[in-house]
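Worksheet: the structure to be examined is printed underneath.
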Amino acid sequence: MFDNIKKKSVKRLTSTSIANYYEQSRKSIRWKLGRSQASEDSLEWMIPKPSWRNFTLQELEAATKKFSPAKLLGKGGHAEVYKGLLPDGQIVAVKRITKKEKKDEDRAKEFLSELGIIAHINHPNAAKLIGFGTENGLYLVLQYAPNGSLGSLLHGNSKKTLDWNRRFKVALGIADGLKYLHSDCQRRIIHRDITASNILLSEDYEPEISDFGLAKWLPENWLHHVVSPIEGTFGYMAPEYFMHGIVHEKTDVFAFGVILLELITGRRAVDSRRQSLVKWAMPFLENNNVQGLVDPRLGDDYDIIEMERAVSAASLCVQQSTDTRPNMSTLQGGAYNSKIIRGNFKIHLMDQLKFQIEFYEFNDFSWFLE
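Okay, structure coming up:
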């Protein structure tokens with residue numbers, strides 16, 4: 001936390017310094033991309049929305065009771081999220097960036113990048129940003145999600161089980177959100193950290209993709225990024241990203257497949273023995289054993305057709321080969337379509353993570369999502 005860092009070692013990150021660094025960053029990026037004839041439009045993704053509010057530290061402390069532990073909603077390796085109450089009665093979530101190991105300039109650049117990416121997002125299944133703060137730290141103020149994160153509901157201590165109807169609704173919403181980011185947004189966005197903890201749930205359990213701190217925008221004529229260092233959440237990272245730093249739309253597709261398995265099984269992406277959910281699920285997927293995958297807490301209270309579609313989609317998404325892993329646009333052609341006929345596919349285990357789907361009546365994946 002910024003409060004724990006000695007003042008002498010930290011440059012004060014004010015609105016002015018952020019703005020100055022923003023202008024310097026634009027000039028630097030323009031110079032670096034000059035050889036590729038980058039236009040001014042190539043840099044517009046860094047411009048925040050005028051409607052966003054710039055909060056003072058005093059306002060954020062008042063909203064969160066000085067970041068009281070009682071207001072802490074969750075924390076990760078790079079941020080803490082607190083519940084806040086604004087003077088107008090609006091409940092918000094305040095994300096405080098805690099990347100203490102990075103230089104001020106690097107944190108400011110990443111902060112601006114995240115703001116720029118969020119500025120291009122407008123979709124029901126993506127978290128809504130209300131404003132930001134730059135006084136004595138970096139803060140994002142988001143619309144509050146009353147039902148918390150998917151991870152907390154699936155894997156928390158609550159005795160209440162998330163029923164299948166809601167789980168299936170969450171799966172469809174995440175798929176809609178990812179398709180938007182990859183295909184329908186003003187600029188293609190790769191999230192890079194799709195996890196159950198980064199899926200927030202509204203009052204009616206509509207999923208909202210959140211935390212764009214690792215997100216990358218992918219230019220139209222680019223097939224992928226190669227990034228370093230490799231950052232993300234173990235258990236959700238696609239093989240090509242984990243091993244080679246290759247980032248593209250199918251990086252998120254793999255993570256979506258893991259979330260589908262979490263929704264189906266109720267298990268964590270990585271269990272207490274450090275075994276990945278994908279590896280655990282392989283024998284069941286190999287034998288098309290849907291019953292063996294289903295979360296015991298659900299009992300028989302689920303739609304078998306929907307469950308089989310979810311299992312089928314998950315098995316496609318977690319394939320090791322990017323060539324055989326579908327993209328979200330393909331899945332969104334109709335992946336949980338009610339017209340599906342059961343028994344039209346079977347799954348063969350090819351190697352540790354690679355699956356091949358043989359279709360008897362269909363030649364594409366469009367019947368998996370709707």
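For the sequence shown, UniProt numbering begins at 1 and goes up steadily by one.
For each residue, glycine too, the CB sits at the ideal point set by N, CA and C.
None of the values given here were measured: they were computed from a predicted structure.
Would you say Y241 and R192 are within 9 Å of each other, going by their C-beta atoms? Taking the sequence shown and counting its residues from 1, one reaches residue 241 at position 241. Taking the sequence shown and counting its residues from 1, one reaches residue 192 at position 192. Closer than 9 Å, so yes.
Whole-Å CB distance - N327 paired with V253, under 8 Å assumed: Counting from one through the sequence shown, the residue named residue 327 turns up at place 327. Counting from one through the sequence shown, the residue named residue 253 turns up at place 253. Between V253 and N327 the Cβ distance is about 6 Å, and since that is below 8 Å, they are a contact.
Using alpha carbons as the reference points, say which of A196, E61, H182, D211 lies closest to H224. Mapped onto the sequence shown, residue 224 falls at position 224. Checking every option, the nearest Cα to that of H224 belongs to H182.
Three-state secondary structure (DSSP) of K339: By one-based count along the sequence shown, residue 339 stands at place 339. Here the model assigns K339 a pLDDT of 33, short of 50, so the residue's position is not dependable, and the following value carries that caveat. Coil, per DSSP.
Measuring alpha carbon to alpha carbon, tell me which of P239, E262, L261, V81 ends up nearest T251. Here residue 251 refers to the residue found at position 251 when the sequence shown is read from its first residue. The shortest C-alpha separation from T251 is found at P239.
Given this structure, state the Cα-to-Cα distance separating S197 from A93, to the nearest angstrom. Your numbering for residue 197 matches position 197 in the sequence shown. Your numbering for residue 93 matches position 93 in the sequence shown. In a straight line, the C-alpha of S197 is about 14 Å away from that of A93.
How big is the Cα-Cα spacing for T265 and N136? Taking the sequence shown and counting its residues from 1, the one referred to as residue 265 is at position 265. Taking the sequence shown and counting its residues from 1, the one referred to as residue 136 is at position 136. Distance between the alpha carbons of T265 and N136 is about 43 Å.
Which whole-angstrom value describes the C-beta separation of W164 and D300, a residue pair presumed to lie in contact below a C-beta threshold of 8 Å? Taking the first residue of the sequence shown as position 1, residue 164 is located at position 164. Taking the first residue of the sequence shown as position 1, residue 300 is located at position 300. W164 to D300, Cβ: 10 Å. No contact.
Taking one C-beta from the segment 210-222 and one from the segment 117-127 each time, how about it: are there three or more such pairs within less than 8 Å? With the rule of 3 Cβ pairs closer than 8 Å, the segment 210-222 counts as touching the segment 117-127.
Select from L73, R267, E61, E306 the residue whose C-alpha is nearest the C-alpha of P296. Mapped onto the sequence shown, residue 296 falls at position 296. Checking every option, the nearest Cα to that of P296 belongs to R267.
Quick check on this structure: which residue in S68, P283, M307 has the alpha carbon closest to the alpha carbon of L263? Against the sequence shown, residue 263 aligns to sequence position 263. Looking at the Cα atoms, M307 is the closest of the given residues.
Mapping the DSSP letters down to three states, classify Y82 as helix, strand or coil. In the sequence shown, the residue the question calls residue 82 occupies position 82. Of the three classes helix, strand and coil, the one that applies to Y82 here is strand, per DSSP.
CA nearest to the CA of I259, picked from E286, I209, V227, E231: On the sequence shown, residue 259 is found 259 positions in, with the first residue counted as 1. The candidate whose alpha carbon is nearest that of I259 is I209.
Using alpha carbons as the reference points, say which of M237, I230, S149 lies closest to Y205. For this step, residue 205 is matched to residue 205 along the sequence shown. Answer by Cα proximity: S149.
Can you give me the C-alpha to C-alpha distance between F132 and E231, rounded to a whole angstrom? The residue you call residue 132 lines up with position 132 of the sequence shown. The residue you call residue 231 lines up with position 231 of the sequence shown. One C-alpha to the other measures close to 24 Å.
Considering just the uninterrupted stretch of the beta strand (DSSP E) at Q143, what are its terminal residues? Here residue 143 is taken as the residue at index 143 of the sequence shown, counted from 1. Note, Q143: beta strand (DSSP E), 139-143.
Just to confirm, are L285 and V247 a CB contact at a threshold of 9 Å? As a first step, residue 285 must be located in the sequence shown, where it is residue number 285. As a first step, residue 247 must be located in the sequence shown, where it is residue number 247. No.
Can you give me the C-alpha to C-alpha distance between T161 and N221, rounded to a whole angstrom? Within the sequence shown, the letter at position 161 stands for residue 161. Within the sequence shown, the letter at position 221 stands for residue 221. The alpha-carbon of T161 is positioned some 44 Å away from that of N221.
In terms of residues, what are the limits of the beta strand (DSSP E) holding A93? The sequence position of residue 93 within the sequence shown is 93, counting from 1. That run of the beta strand (DSSP E) goes 91-97.
Would you identify the three-state DSSP class for P207, choosing helix, strand or coil? Residue numbering aside, residue 207 sits at position 207 when the sequence shown is read from its first letter. Looking at P207 - three-state DSSP - the assignment turns out to be strand.
Quick check on the burial criterion: 16 or more other C-beta atoms within 10 angstroms. Buried or exposed for H348? The count along the sequence shown starts at 1 and reaches residue 348 at position 348. With a pLDDT of only 39 at H348, under the threshold of 50, the placement of this residue in the model should not be trusted, and no figure is reported.
Neighbour-count burial assignment, H244, 16 or more Cβ in a 10 Å radius: For the purposes of this step, residue 244 is taken as residue 244 along the sequence shown, with counting starting at 1. By the neighbour-count rule (16 or more Cβ atoms within 10 Å), H244 is not buried but exposed.
Selected residue, minimal CA-CA separation from N54, among L138, V227, A255: Within the sequence shown, the letter at position 54 stands for residue 54. Cα-wise, what sits closest to N54 is L138.
Where do the N-terminal and C-terminal ends of the beta strand (DSSP E) with F132 fall, by residue? Counted from its first residue, the sequence shown places residue 132 at position 132. Residues 129-133.
Are the Cβ atoms of S321 and K179 separated by less than 9 Å? The residue labelled residue 321 in the question sits at position 321 within the sequence shown. The residue labelled residue 179 in the question sits at position 179 within the sequence shown. In this structure, K179 does not lie closer than 9 Å to S321 by Cβ.
Express the C-alpha separation of N287 and Q143 in angstroms, rounding to a whole number. Walking along the sequence shown from the start, residue 143 turns up at place 143. Walking along the sequence shown from the start, residue 287 turns up at place 287. Taking the straight line joining both Cα atoms gives about 43 Å.
Since K169 is in the alpha helix (DSSP H), which residue starts that stretch and which ends it? Taking the first residue of the sequence shown as position 1, residue 169 is located at position 169. Counting along the chain, the alpha helix (DSSP H) containing K169 begins and ends at 164-179.
From the DSSP output, which residues share a beta bridge with G235? Mapped onto the sequence shown, residue 235 falls at position 235. For G235, which the question treats as bridged, DSSP gives no partner whatsoever.
Going by Cα to Cα distance, which pick from E110, D176, S158, Q90 is closest to A126? Residue mapping note: residue 126 aligns to position 126 of the sequence shown, counting from 1. Of E110, D176, S158, Q90, the residue nearest in Cα terms is D176.
Rounding to the nearest angstrom, what Cα-Cα distance links R325 and L316 in this structure? Within the sequence shown, residue 325 is the residue found at index 325, counting from 1. Within the sequence shown, residue 316 is the residue found at index 316, counting from 1. Computed Cα separation, rounded: 6 Å.
Count the other C-beta atoms from every protein chain shown that fall within 10 angstroms of the C-beta of G156, then say buried if there are 16 or more, exposed otherwise. Indexing the sequence shown from 1 puts residue 156 at position 156. With fewer than 16 other Cβ atoms within 10 Å, it is exposed.
Only counting the same chain, and skipping five residues up and downstream in sequence, which positions put a Cβ closer than 8 Å to that of V270? On the sequence shown, residue 270 is found 270 positions in, with the first residue counted as 1. Cβ within range, chain order: F234, G235, S276, L277.
Relative to the alpha-carbon of S113, which residue among L201, I190, L72 has its alpha-carbon at the smallest distance? Translated into the one-based positions of the sequence shown, residue 113 becomes position 113. Among L201, I190, L72, the Cα nearest to that of S113 is on I190.
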